Amino acid sequence: MSTPPTTMPVHAMLVLGTRPEAIKLAPVARAMAAGPQFEPIVVTTGQHREMLHQMLGMLGVDVRIALDVMRTRQQLSDLTARLVRELGTVLREQRPDLVVVQGDTTTALAGALAAFYEKIPVAHVEAGLRTGVIDNPFPEELNRSLIGRIARWHFAPTPAAARHLTDEGVPDEQVFTTGNTVIDNLLWVLAEGAGASAFRTDAKRILVTLHRRENQGERMRGMGRALSRLARRGDVEIVLPLHKSPAVRDALLPELDGQRGVELVEPLDYLDFAATLAECDLVLTDSGGIQEEAPSLAKPSLVLRTTTERPEAVEAGAARLIGTDPDAIVTWAERLLDDPAEYRRMATAGNPFGDGEAARRILGQLAEDFAADVPVGLTASGPYSTA
Ligand code: UD1
Ligand code: UDP
Numbered sequence: 115m116s117t118p119p120t121t122m123p124v125h126a127m128l129v130l131g132t133r134p135e136a137i138k139l140a141p142v143a144r145a146m147a148a149g150p151q152f153e154p155i156v157v158t159t160g161q162h163r164e165m166l167h168q169m170l171g172m173l174g175v176d177v178r179i180a181l182d183v184m185r186t187r188q189q190l191s192d193l194t195a196r197l198v199r200e201l202g203t204v205l206r207e208q209r210p211d212l213v214v215v216q217g218d219t220t221t222a223l224a225g226a227l228a229a230f231y232e233k234i235p236v237a238h239v240e241a242g243l244r245t246g247v248i249d250n251p252f253p254e255e256l257n258r259s260l261i262g263r264i265a266r267w268h269f270a271p272t273p274a275a276a277r278h279l280t281d282e283g284v285p286d287e288q289v290f291t292t293g294n295t296v297i298d299n300l301l302w303v304l305a306e307g308a309g310a311s312a313f314r315t316d317a318k319r320i321l322v323t324l325h326r327r328e329n330q331g332e333r334m335r336g337m338g339r340a341l342s343r344l345a346r347r348g349d350v351e352i353v354l355p356l357h358k359s360p361a362v363r364d365a366l367l368p369e370l371d372g373q374r375g376v377e378l379v380e381p382l383d384y385l386d387f388a389a390t391l392a393e394c395d396l397v398l399t400d401s402g403g404i405q406e407e408a409p410s411l412a413k414p415s416l417v418l419r420t421t422t423e424r425p426e427a428v429e430a431g432a433a434r435l436i437g438t439d440p441d442a443i444v445t446w447a448e449r450l451l452d453d454p455a456e457y458r459r460m461a462t463a464g465n466p467f468g469d470g471e472a473a474r475r476i477l478g479q480l481a482e483d484f485a486a487d488v489p490v491g492l493t494a495s496g497p498y499s500t501a
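In terms of the working numbering, the sequence shown opens at residue 115 and continues consecutively.
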């Protein structure tokens, strides 16, 4: 199916629901709002409530439509059903020229699926990340693969991500390597300044975040015990902004609440988080976005997961994938704290995730395709079609 050339401005609906989607789509929304070619229609699903609202104002994103789907301890099937239904209604009312989704959350999958049902083409930002293990991370690996089947534009952050897509049969002319928009945003926020670091002492500073579903429960409790052992060295300050998920708090609070050397804080707004990251010595995380941000600020990171879809930082030497075993966490953290040569090697490895120009490239490509007489429909043709 192809659609006729669209008159400017192109109506682009950006669908976002969680903290990282707000952070990573903000540069795209800002760039669209700044020029005449696009009219951004930002729809927030509210998959996250506090952690999403905390971000939007300071990121310069104007929300047009705000849904409110979050439920405490939401189940994936209920969340997905609510999202597809409510986004379908919004799409029928607004009829945008395209839908933009980011990454691999349930909001992103539901946004792409609802757009497909309404026959509206989808642009996928941060396309092509793969671990190759369908349930790790859960459910993100499946989500992003499914979005890859739906999308018309695949904006891959790195050459390796672009290769995954072409290996899966996505036509070359629909895959674009752009860098990751998270770097656009980090550079923008650091240039604005004004954030406050959460570290309070001049001990060795460790920034920790943990939230992944596949680690929740006993595994996350073990990770909490490893952090407690590290704190008992007496020469470190661990700052851990606690994710709002009750499952995360159930696992970590019993192990860490009241432990000297550990500051458990509420989620930091992005300005403060960037300032805290800029001040830390070492990052321990299972976050996707933080794996990308840490090497940009020359911070070594230990990835507390058994798989990563961001091997570029590991291959560059800026990150280590160390798994979730408590002994491994303590051993690797101590090695970096106590071995300056090892520390320096990781800190100087560089950033493989982009140059801060990703949003400009994404808009450039979309504007070109909408202005030219190229098919912007769902698919142009197939091996068994007569088109
Ligand atoms: C979601 C994404 C994950 C992403 C992460 C970023 C899915 C399936 N998971 O995981 O890919 O890495 O966001 O942080 O899309 N909650 C609040 N307030 C908030 C946010 C969450 O109370 O602002 C609580 C609610 O009880 C909610 C629970 O956290 O039910 C889990 O939220 P959910 O979005 O389902 O999963 P995350 O683990 O946050
Ligand atoms: N972040 C933040 N405040 C915090 C923790 C994280 O602003 O207290 C930012 C961080 O800079 C990164 C993003 O949130 O850009 C990562 O979100 P999260 O770890 O929740 O999700 P993931 O990236 O794993 O999907």
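C-beta atoms are modelled at their ideal positions from N, C-alpha and C, and glycine is treated no differently. The model shown is predicted, which means the values in this text are computed figures rather than measured ones.
For residue i, which residues in the same chain have their Cβ closer than 7 Å to its Cβ, ignoring the five residues on either side in sequence?
| i | result |
| --- | --- |
| R374 | A345 |
| R363 | L356 |
| E287 | none |
| D483 | V490 |
| E328 | N250, P251 and F252 |
| E456 | R449 and L450 |
| M172 | D383, Y384 and L385 |
| Q208 | M127 and I155 |
Taking a contact to mean a Cβ-Cβ separation below 8 Å, would you say residue i touches residue j in this structure?
| i | j | result |
| --- | --- | --- |
| R449 | G431 | no |
| V214 | A237 | yes |
| L378 | L370 | yes |
| R133 | L170 | no |
| L418 | T438 | yes |
| T186 | A224 | no |
| N299 | K138 | yes |
Any chance the CB of residue i is under 7 Å from a heavy atom of the ligand UD1?
| i | result |
| --- | --- |
| T462 | no |
| M169 | no |
| S191 | no |
| G283 | no |
| Q188 | yes |
| E351 | no |
| E380 | no |
| P360 | yes |
| R185 | yes |
| G402 | yes |
| E164 | yes |
| H325 | yes |
| E254 | yes |
| H238 | no |
| P134 | yes |
| H125 | no |
| H268 | no |
| H357 | yes |
Keeping to the same chain, check which residues put their C-beta closer than 6 Å to that of residue i; ignore five residues upstream and five downstream.
| i | result |
| --- | --- |
| R319 | F313, E351, C394 and D395 |
| A308 | L385 |
| I443 | A340 |
| T291 | A270, P273 and A276 |
| A147 | P154 |
| V376 | A345, I352 and L370 |
| A317 | D349, V350 and E351 |
| L181 | T159, G160 and E200 |
| A226 | V215, V236, I261 and I264 |
| M122 | Q151 |
Buried or exposed: where does residue i fall if 16 or more other Cβ atoms within 10 Å of its Cβ makes it buried?
| i | result |
| --- | --- |
| L367 | exposed |
| R206 | exposed |
| Q189 | exposed |
| I248 | exposed |
| A306 | Per the sequence shown, residue 306 should be read as Glu rather than Ala. Burial call: exposed. |
| G262 | buried |
| G331 | exposed |
| E240 | buried |
| A486 | exposed |
Any heavy atom of the ligand UDP closer than 7 Å to the CB of residue i?
| i | result |
| --- | --- |
| G160 | no |
| V296 | yes |
| I137 | yes |
| R328 | According to the sequence shown, residue 328 is Glu rather than Arg. No, Cβ of E328 sits at least 7 Å from all heavy atoms of the ligand UDP. |
| P152 | In the sequence under discussion, the amino acid at residue 152 is Phe, which differs from the Pro named in the question. It does not: the Cβ of F152 is nowhere closer than 7 Å to a heavy atom of the ligand UDP. |
| E407 | yes |
| F313 | no |
| Y384 | yes |
| F467 | no |
Here's a check: name, in chain order, each residue in its chain whose Cβ is nearer than 8 Å to the Cβ of residue i, leaving out the five neighbours to either side.
| i | result |
| --- | --- |
| V428 | V417, T422, R434 and L435 |
| P118 | Note that P118 scores a pLDDT of 49, beneath 50, so its modelled location is shaky; the value from the coordinates is reported in the next line. Excluding residues within five positions, none has a Cβ falling inside 8 Å. |
| P409 | S415, A427, A430, A432, A433, A463, G464, N465, P466 and F467 |
| A481 | V124, Q151 and F152 |
| T219 | G131, T132, P134, E135, Q161, E254 and N257 |
Could you tell me whether any non-hydrogen atom of the ligand ATP is closer than 7 Å to the CB of residue i?
| i | result |
| --- | --- |
| T220 | The ligand ATP is absent from the structure shown, which contains only the ligand UD1 and the ligand UDP. |
With a threshold of 8 Å between beta carbons, is residue i in contact with chain B?
| i | result |
| --- | --- |
| S311 | Going by chain labels, chain B is absent from the structure shown, which holds only one protein chain. |
So within the stretch 210 to 265, which uninterrupted beta strand (DSSP E) runs reach at least 3 residues, ignoring any that extend past its ends?
212 to 216 and 236 to 239
In chain order, which beta strand (DSSP E) runs of at least 3 residues are fully inside the stretch 130 to 187?
Fully enclosed beta strand (DSSP E) runs of 3 or longer: 152 to 158.
At 4 residues or longer, what runs of the alpha helix (DSSP H) sit wholly inside the stretch 293 to 330?
295 to 306
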